[in-house]
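Student: Same order as they appear, the protein sequences are chains A and B.
Number 119 in full-length UniProt numbering belongs to position 119 of the first sequence; there are no gaps in the numbering.
Number 88 in full-length UniProt numbering belongs to position 88 of the second sequence; there are no gaps in the numbering.
Every residue, glycine too, gets a C-beta built ideally from N, C-alpha and C.
All values reported here derive from a predicted model rather than from experimental measurement.
Here's a structure for you.
Number of protein chains: 2
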Amino acid sequence: MTQTPTSKDGCVWRATTGLRKGLPSKAVHSSSANLHEEYDVIVIGAGFTGLTAARDLYPHAKTLLIDARDRIGGRTWTSNLDGQEFEMGGMWVHWWQTFMWGELVKYELHKNITTASGTTVPEKVYSRNKNVLEVNEEEGFDERLDQLIAKFFDIDGLSLRDIVDHPYDTFHKREIFQKYDKMTSQERIDALDIEDTDKIFLATFISNFGLTTADQIGFAEACKWFSLTGTTSMNIKDTMGLYKLGNGGMTSLANAIFDEYEGDRIFNSPVKRVTQTASCATVETEAGVAFKAKYVICTIPLNVLKDVEFSPPFSPLRAEACAVGHPGRGGKILYTITPPEPPFMSSSTLPTDLSFLFTTHENTAGDSGYLVSFVHTDSKIRDFSDADAVKAAFRAMVPETCKSEIKEYIYHDWRNDPYAQGTWCCFEANYSTRYLEELQSKHGERVIMASSDYADGWRGCIDGAIEQGIRSAMTVKKLIKF
Amino acid sequence: MTQTPTSKDGCVWRATTGLRKGLPSKAVHSSSANLHEEYDVIVIGAGFTGLTAARDLYPHAKTLLIDARDRIGGRTWTSNLDGQEFEMGGMWVHWWQTFMWGELVKYELHKNITTASGTTVPEKVYSRNKNVLEVNEEEGFDERLDQLIAKFFDIDGLSLRDIVDHPYDTFHKREIFQKYDKMTSQERIDALDIEDTDKIFLATFISNFGLTTADQIGFAEACKWFSLTGTTSMNIKDTMGLYKLGNGGMTSLANAIFDEYEGDRIFNSPVKRVTQTASCATVETEAGVAFKAKYVICTIPLNVLKDVEFSPPFSPLRAEACAVGHPGRGGKILYTITPPEPPFMSSSTLPTDLSFLFTTHENTAGDSGYLVSFVHTDSKIRDFSDADAVKAAFRAMVPETCKSEIKEYIYHDWRNDPYAQGTWCCFEANYSTRYLEELQSKHGERVIMASSDYADGWRGCIDGAIEQGIRSAMTVKKLIKF
Numbered sequence: 001m002t003q004t005p006t007s008k009d010g011c012v013w014r015a016t017t018g019l020r021k022g023l024p025s026k027a028v029h030s031s032s033a034n035l036h037e038e039y040d041v042i043v044i045g046a047g048f049t050g051l052t053a054a055r056d057l058y059p060h061a062k063t064l065l066i067d068a069r070d071r072i073g074g075r076t077w078t079s080n081l082d083g084q085e086f087e088m089g090g091m092w093v094h095w096w097q098t099f100m101w102g103e104l105v106k107y108e109l110h111k112n113i114t115t116a117s118g119t120t121v122p123e124k125v126y127s128r129n130k131n132v133l134e135v136n137e138e139e140g141f142d143e144r145l146d147q148l149i150a151k152f153f154d155i156d157g158l159s160l161r162d163i164v165d166h167p168y169d170t171f172h173k174r175e176i177f178q179k180y181d182k183m184t185s186q187e188r189i190d191a192l193d194i195e196d197t198d199k200i201f202l203a204t205f206i207s208n209f210g211l212t213t214a215d216q217i218g219f220a221e222a223c224k225w226f227s228l229t230g231t232t233s234m235n236i237k238d239t240m241g242l243y244k245l246g247n248g249g250m251t252s253l254a255n256a257i258f259d260e261y262e263g264d265r266i267f268n269s270p271v272k273r274v275t276q277t278a279s280c281a282t283v284e285t286e287a288g289v290a291f292k293a294k295y296v297i298c299t300i301p302l303n304v305l306k307d308v309e310f311s312p313p314f315s316p317l318r319a320e321a322c323a324v325g326h327p328g329r330g331g332k333i334l335y336t337i338t339p340p341e342p343p344f345m346s347s348s349t350l351p352t353d354l355s356f357l358f359t360t361h362e363n364t365a366g367d368s369g370y371l372v373s374f375v376h377t378d379s380k381i382r383d384f385s386d387a388d389a390v391k392a393a394f395r396a397m398v399p400e401t402c403k404s405e406i407k408e409y410i411y412h413d414w415r416n417d418p419y420a421q422g423t424w425c426c427f428e429a430n431y432s433t434r435y436l437e438e439l440q441s442k443h444g445e446r447v448i449m450a451s452s453d454y455a456d457g458w459r460g461c462i463d464g465a466i467e468q469g470i471r472s473a474m475t476v477k478k479l480i481k482f
Numbered sequence: 001m002t003q004t005p006t007s008k009d010g011c012v013w014r015a016t017t018g019l020r021k022g023l024p025s026k027a028v029h030s031s032s033a034n035l036h037e038e039y040d041v042i043v044i045g046a047g048f049t050g051l052t053a054a055r056d057l058y059p060h061a062k063t064l065l066i067d068a069r070d071r072i073g074g075r076t077w078t079s080n081l082d083g084q085e086f087e088m089g090g091m092w093v094h095w096w097q098t099f100m101w102g103e104l105v106k107y108e109l110h111k112n113i114t115t116a117s118g119t120t121v122p123e124k125v126y127s128r129n130k131n132v133l134e135v136n137e138e139e140g141f142d143e144r145l146d147q148l149i150a151k152f153f154d155i156d157g158l159s160l161r162d163i164v165d166h167p168y169d170t171f172h173k174r175e176i177f178q179k180y181d182k183m184t185s186q187e188r189i190d191a192l193d194i195e196d197t198d199k200i201f202l203a204t205f206i207s208n209f210g211l212t213t214a215d216q217i218g219f220a221e222a223c224k225w226f227s228l229t230g231t232t233s234m235n236i237k238d239t240m241g242l243y244k245l246g247n248g249g250m251t252s253l254a255n256a257i258f259d260e261y262e263g264d265r266i267f268n269s270p271v272k273r274v275t276q277t278a279s280c281a282t283v284e285t286e287a288g289v290a291f292k293a294k295y296v297i298c299t300i301p302l303n304v305l306k307d308v309e310f311s312p313p314f315s316p317l318r319a320e321a322c323a324v325g326h327p328g329r330g331g332k333i334l335y336t337i338t339p340p341e342p343p344f345m346s347s348s349t350l351p352t353d354l355s356f357l358f359t360t361h362e363n364t365a366g367d368s369g370y371l372v373s374f375v376h377t378d379s380k381i382r383d384f385s386d387a388d389a390v391k392a393a394f395r396a397m398v399p400e401t402c403k404s405e406i407k408e409y410i411y412h413d414w415r416n417d418p419y420a421q422g423t424w425c426c427f428e429a430n431y432s433t434r435y436l437e438e439l440q441s442k443h444g445e446r447v448i449m450a451s452s453d454y455a456d457g458w459r460g461c462i463d464g465a466i467e468q469g470i471r472s473a474m475t476v477k478k479l480i481k482f
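Next comes the structure, spelled out in structure tokens:
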């Protein structure tokens with residue numbers, strides 16, 4: 001058995017030894033020994049979009065896969081620490097997440113799915129409403145949420161299907177979608193004839209679509225989520241908060257795709273500039289190395305695009321879309337506590353720092369409990385190495401009766417990661433209307449833009465990333481052929 | 001514009017001209033001009049399983065795709081008649097049908113989805129209960145069905161998830177699944193404390209999972225369907241009875257996959273014998289032509305396998321599974337009536353001949369209405385060219401107030417089609433327990449078995465076919481590589 005390599009990404013804090021940067025991960029890979037100056041296609045980014053695009057293209061085109069990091073997976077990767085697997089980014093899988101599920105079954109990894117105890121059978125559900133931590137029994141929780149969700153999209157005598165009848169074709173009913181895209185989810189909630197506590201409860205739930213606040217999530221965008229996940233709280237939890245991948249985690253899927261790819265690859269190579277002429281495109285790294293290709297698939301995250309030089313430059317509209325970006329800019333913290341807590345799920349919104357916190361099933365060591373949390377985009381915690389602040393954030397999400405001690409926490413501060421500059425994407429009001437089609441269009445004739453951040457289906461998810469990878473590969477395959 | 005070729009499959013009957021065999025279809029293709037004697041892989045069957053397997057393999061292996069028919073698509077194909085598109089077999093699409101949806105988006109065909117009027121907004125819902133045709137308003141219908149479905153799987157204090165927690169991994173909870181796999185759906189219905197009319201109503205609904213009767217559908221098998229489709233009647237209708245593909249129909253998807261395939265192909269070549277030795281496999285056609293290959297992917301439908309000679313022969317268990325087969329052996333009839341009827345959906349069970357009948361949206365000609373129906377497996381109609389019987393079958397599904405005249409009907413008699421010998425697959429009680437793993441296993445070292453009929457997920461659907469094609473291609477890719 002070879003030792004698991006260590007990525008520069010992520011950090012671990014321990015009560016005993018303090019902070020250490022970098023985490024072991026099977027997502028770390030080496031560059032090709034020999035690279036060429038010219039390729040048919042260069043794929044920028046080895047997240048799930050780039051991995052699937054490169055895999056689909058390499059039999060048909062001389063391909064180079066290039067990434068800024070020392071590892072594959074982008075905003076999704078699994079760290080292996082002390083025999084435990086920790087998902088440092090994307091983690092939820094389900095068979096209604098079309099593209100990801102297809103890949104899992106293709107590589108026979110789907111039988112490895114497992115569940116997170118806090119979301120499956122929580123004994124307690126907490127929801128923090130400003131300064132009060134409410135304790136709900138699971139049963140009433142779902143019914144209450146279902147009723148509120150039904151009211152949320154029951155607008156102007158329309159049904160959800162009247163607004164979003166086709167979640168993979170955003171503008172299928174362009175006029176009506178764009179009408180409701182003007183409204184924020186918070187505005188919609190404010191207009192409901194429900195109790196104030198229910199408004200906060202519903203806003204907290206919907207804020208999790210984007211790790212932001214409901215005023216930063218478009219109403220039509222939220223409707224699109226409900227259209228994909230089903231409309232009951234059970235469906236929503238099932239599809240995006242219940243099943244995760246055991247036995248290697250999400251990196252096992254990334255590695256399965258990467259293993260199939262036989263083209264060239266180069267890591268630790270942030271891209272500085274992408275140039276195109278009538279005859280070819282050139283990709284230059286920060287280190288000054290240049291590669292030429294007929295076509296480039298650019299999978300750089302939306303919030304990072306503004307920092308890369310494109311020549312000729314982006315259209316004014318695309319440049320504006322990149323400057324605005326998407327609002328999700330939190331980070332992920334995984335706590336190890338002792339003794340373990342019984343399964344629970346806790347959610348909150350500002351001014352609390354964590355959006356949610358729940359127990360997971362990784363309880364193999366008898367005296368340790370593992371918990372997953374996401375730090376809110378607008379949390380006051382700006383530096384995750386501040387152990388006191390991170391510990392206080394945990395305390396705010398559990399009742400005072402919880403006396404467990406935090407032994408360790410590991411994190412990926414996605415906001416301050418220069419190659420992500422954010423978590424998952426969920427659009428603000430009017431963003432789809434203004435920018436989506438521009439973002440999805442080619443930049444010039446030779447640069448195909450592809451990212452989970454502007455996918456059609458499960459936007460912001462691993463599934464959307466794979467959708468974009470498969471579609472961009474088909475686009476390039478056709479361009480090369482004709 | 002080239003003329004649409006005509007397949008030998010299907011028939012059209014017209015009031016004016018009587019019966020004519022064969023129907024125009026863009027699924028008809030020519031064989032390769034030059035074939036070889038030896039390949040890396042031979043894929044038997046150009047249905048969706050074979051198409052995807054061949055497409056995924058051809059860049060990595062010298063591949064031959066062979067089919068008994070003059071067309072691609074297997075049990076799914078679109079006929080083009082007088083400017084209308086008619087789905088002669090599989091037709092429903094939805095984004096929760098993982099593999100099919102992935103392919104639709106890959107080829108940018110997903111924006112072509114449309115709906116069938118009779119299942120979307122039926123003005124009337126009829127259900128025939130022996131000799132009485134009930135007329136239900138749509139509203140009460142769904143609520144009634146939802147309550148009955150909930151009772152159906154509320155057994156021994158278990159929830160649906162307790163029985164089938166993972167629809168793509170049938171034996172994930174082997175003991176409990178196999179316990180309930182012993183029971184038929186009819187036995188489960190009979191045990192419910194509900195009115196007799198509700199029993200018939202529920203049995204009729206569930207019988208449509210297999211185009212048979214509820215006593216021929218395993219209870220655990222029915223639970224698996226609910227697990228895939230969601231558990232409400234709305235979810236079920238959405239996922240498998242609402243959206244179809246416009247602008248070319250399902251054959252446009254088959255053609256997109258086939259267009260990407262660049263290997264050899266031969267049509268009109270039923271396979272007579274598949275032989276394997278330690279070093280290679282040989283496929284012989286009825287015409288006496290033999291092709292050799294390292295590996296064979298056999299996608300011949302379950303009910304047809306018994307008629308093909310395998311040497312060495314199948315294991316006794318697989319041979320038994322093939323002899324039993326699956327019970328769905330009906331056929332499809334599409335009626336053209338004048339004048340059109342307002343949107344309706346009608347369903348029934350034995351002794352009525354049609355399992356269901358509904359209006360579709362293909363109402364482009366002002367004076368014509370189009371309807372889709374499936375003939376029940378145990379219908380007394382044994383010959384679809386018997387126009388009087390086919391017309392009487394229609395009359396039994398609509399009230400006497402419907403005076404529309406049948407101008408034309410087209411059909412594919414799947415039961416009597418030697419290369420299908422059935423419609424879609426839904427297992428009887430105990431069939432999964434006894435045979436599923438054996439059917440999915442390789443036959444010897446060189447013949448990989450793959451069919452929608454024993455897929456893990458959407459078994460019996462186009463989706464299951466693509467699942468099997470993608471997985472079998474991966475299996476062969478690994479075998480070739482190592």
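Is the stretch 276 to 288 of chain B touching the stretch 398 to 414 of chain B, taking contact as three or more C-beta pairs under 8 Å?
Tutor: No, the stretch 276 to 288 of chain B is not in contact with the stretch 398 to 414 of chain B.
Student: Using CA atoms only, rank isn't needed, just tell me which of B:M345, B:T63, B:N34 is closest to residue 519 (chain B).
Tutor: Any answer about residue 519 (chain B) is impossible in this case: the structure gives chain B only from 1 up to 482.
Student: From the beta carbon of R144 (chain B), is the nearest beta carbon of chain A less than 8 Å away?
Tutor: Walking along the second sequence from the start, residue 144 (chain B) turns up at place 144. No, because no Cβ of chain A sits closer than 8 Å to the Cβ of R144 (chain B).
Student: Please report the straight-line C-alpha distance between Q468 (chain B) and S451 (chain B), rounded to a whole angstrom.
Tutor: Start at 1 with the first residue of the second sequence, and residue 468 (chain B) comes out as number 468. Start at 1 with the first residue of the second sequence, and residue 451 (chain B) comes out as number 451. In a straight line, the C-alpha of Q468 (chain B) is about 6 Å away from that of S451 (chain B).
Student: Locate the alpha helix (DSSP H) running through M100 (chain B), then write down its first and last residues.
Tutor: The residue given as residue 100 (chain B) occupies position 100 in the second sequence. Counting along the chain, the alpha helix (DSSP H) containing M100 (chain B) begins and ends at 98 to 106.
Student: Helix, strand or coil: which one does DSSP assign to residue 518 (chain A)?
Tutor: Not covered by the structure: residue 518 (chain A). The range shown for chain A is 1 to 482.
Student: Among the residues of its own chain, which have a CB less than 7 Å from the CB of Y58 (chain B), if the five just before and after it don't count?
Tutor: As a first step, residue 58 (chain B) is located in the second sequence; it is residue number 58 there, counting from the start. Around Y58 (chain B): Y261, E262, G263.
Student: If you measure from the CB of D264 (chain A), is any heavy atom of the ligand MG nearer than 7 Å?
Tutor: No copy of the ligand MG appears in this structure; indeed no ligand is present at all.
Student: Is it buried or exposed, H36 (chain A), if we count other Cβ atoms within 10 angstroms and call 16 or more buried?
Tutor: Residue 36 (chain A) sits at position 36 when you count from the first residue of the first sequence. Exposed, because fewer than 16 other Cβ atoms sit within 10 Å of the Cβ of H36 (chain A).
Student: Which term fits residue 491 (chain A), buried or exposed, when burial requires 16 or more other beta carbons within 10 angstroms of its beta carbon?
Tutor: Outside the displayed range of chain A (1 to 482) lies residue 491 (chain A), so it cannot be described from this structure.
Student: So for R265 (chain A), helix, strand or coil by DSSP?
Tutor: Within the first sequence, residue 265 (chain A) is the residue found at index 265, counting from 1. Note: R265 (chain A) maps to strand in three-state DSSP.
Student: So that I know if they touch, is there some Cβ in chain B lying closer than 8 Å to that of I163 (chain A)?
Tutor: Numbered from its first residue, the first sequence carries residue 163 (chain A) at position 163. By this cut-off, I163 (chain A) is not an interface position.
Student: To the nearest angstrom, how far is it from the Cα of E400 (chain A) to the Cα of F394 (chain A)?
Tutor: Taking the first residue of the first sequence as position 1, residue 400 (chain A) is located at position 400. Taking the first residue of the first sequence as position 1, residue 394 (chain A) is located at position 394. Near 11 Å, if we compare the C-alpha coordinates of F394 (chain A) and E400 (chain A).
Student: According to a CB-to-CB cut-off of less than 9 Å, which residues of the stretch 422 to 437 of chain A neighbour chain B?
Tutor: Result list empty, no residue passes.
Student: Using a C-beta cutoff of 8 Å, does E467 (chain B) count as contacting chain A?
Tutor: Counted from its first residue, the second sequence places residue 467 (chain B) at position 467. Yes, because at least one Cβ of chain A sits closer than 8 Å to the Cβ of E467 (chain B).
Student: Within its chain, find whatever has a CB closer than 6 Å to the CB of N136 (chain A); leave out the 5 residues flanking it on each side and keep chain order.
Tutor: Residue numbering aside, residue 136 (chain A) sits at position 136 when the first sequence is read from its first letter. Contacts found: V125.
Student: Could you check whether the Cβ of Y370 (chain B) sits closer than 8 Å to any Cβ belonging to chain A?
Tutor: Walking along the second sequence from the start, residue 370 (chain B) turns up at place 370. So no, Y370 (chain B) is outside the interface.
Student: Report yes if the CB atom of G89 (chain B) is closer than 8 Å to the CB atom of A254 (chain B), and no otherwise.
Tutor: As a first step, residue 89 (chain B) is located in the second sequence; it is residue number 89 there, counting from the start. As a first step, residue 254 (chain B) is located in the second sequence; it is residue number 254 there, counting from the start. Not a contact, by the Cβ cut-off of 8 Å.
Student: Can you tell me whether DSSP reads W458 (chain B) as helix, strand or coil?
Tutor: To locate residue 458 (chain B), count along the second sequence from 1; it is residue 458. Reduced to three states, the DSSP call for W458 (chain B) is coil.
Student: In its own chain, which residues sit with a C-beta less than 7 Å from the C-beta of L225 (chain A), not counting the 5 before and 5 after it?
Tutor: Numbered from its first residue, the first sequence carries residue 225 (chain A) at position 225. For clarity, residue 225 (chain A) is Trp in the given sequence; the question names Leu instead. F209, listed in sequence order.
Student: Find the nearest neighbour of P122 (chain A) within the set A:F344, A:E195, A:I206, A:H29, judged by alpha-carbon distance.
Tutor: Stepping through the first sequence from its first residue, residue 122 (chain A) is reached at position 122. Of A:F344, A:E195, A:I206, A:H29, the residue nearest in Cα terms is A:F344.
Student: Is DSSP giving C322 (chain B) helix, strand or coil here?
Tutor: For the purposes of this step, residue 322 (chain B) is taken as the residue at position 322 of the second sequence. Here C322 (chain B) sits in helix by DSSP.
Student: For the candidate residues B:W458, B:S472, B:R14, whose alpha-carbon lies nearest to that of D169 (chain B)?
Tutor: In the second sequence, the residue the question calls residue 169 (chain B) occupies position 169. Nearest C-alpha to D169 (chain B): B:W458.
Student: Would you mind telling me which residues of chain B sit closer than 7 Å to R459 (chain A), beta carbon to beta carbon, in chain order?
Tutor: Here residue 459 (chain A) refers to the residue found at position 459 when the first sequence is read from its first residue. Within 7 Å Cβ-Cβ: nothing; R459 (chain A) doesn't reach chain B, min ~13 Å.
Student: Return the bridge partner residues of H412 (chain A) from the DSSP annotation.
Tutor: Here the question's residue 412 (chain A) lines up with position 412 in the first sequence. H412 (chain A) is bridged to A:K332.
Student: Going by Cα to Cα distance, which pick from B:E103, B:R471, B:G18, B:G444 is closest to A256 (chain B)?
Tutor: The residue given as residue 256 (chain B) occupies position 256 in the second sequence. Taking only the C-alpha atoms, the option nearest A256 (chain B) is B:E103.
Student: Between the C-alpha atoms of I42 (chain B) and G460 (chain B), what's the straight-line distance to the nearest angstrom?
Tutor: For the purposes of this step, residue 42 (chain B) is taken as residue 42 along the second sequence, with counting starting at 1. For the purposes of this step, residue 460 (chain B) is taken as residue 460 along the second sequence, with counting starting at 1. Straight-line Cα distance between these residues: approximately 23 Å.
Student: Which of helix, strand or coil does DSSP assign to N208 (chain B)?
Tutor: Here residue 208 (chain B) refers to the residue found at position 208 when the second sequence is read from its first residue. Residue state, collapsed to three classes: coil.
Student: Would a C-beta distance cut-off of 8 Å place T377 (chain B) and G369 (chain B) closer than the cut-off?
Tutor: By 1-based counting over the second sequence, the position of residue 377 (chain B) is 377. By 1-based counting over the second sequence, the position of residue 369 (chain B) is 369. No.
Student: What is the DSSP secondary structure of Q276 (chain A), counted as helix, strand or coil?
Tutor: Here residue 276 (chain A) refers to the residue found at position 276 when the first sequence is read from its first residue. Q276 (chain A): strand per DSSP, three-state reduction.
Student: Have a look at F205 (chain A) and T239 (chain A) and give me their C-alpha separation to the nearest angstrom.
Tutor: Within the first sequence, the letter at position 205 stands for residue 205 (chain A). Within the first sequence, the letter at position 239 stands for residue 239 (chain A). Cα-Cα distance, rounded: 15 Å.
Student: Is A429 (chain A) near D181 (chain A), with beta carbons less than 8 Å apart?
Tutor: Reading the first sequence from its first residue, position 429 is the one you call residue 429 (chain A). Reading the first sequence from its first residue, position 181 is the one you call residue 181 (chain A). Cβ atoms of A429 (chain A) and D181 (chain A): closer than 8 Å.
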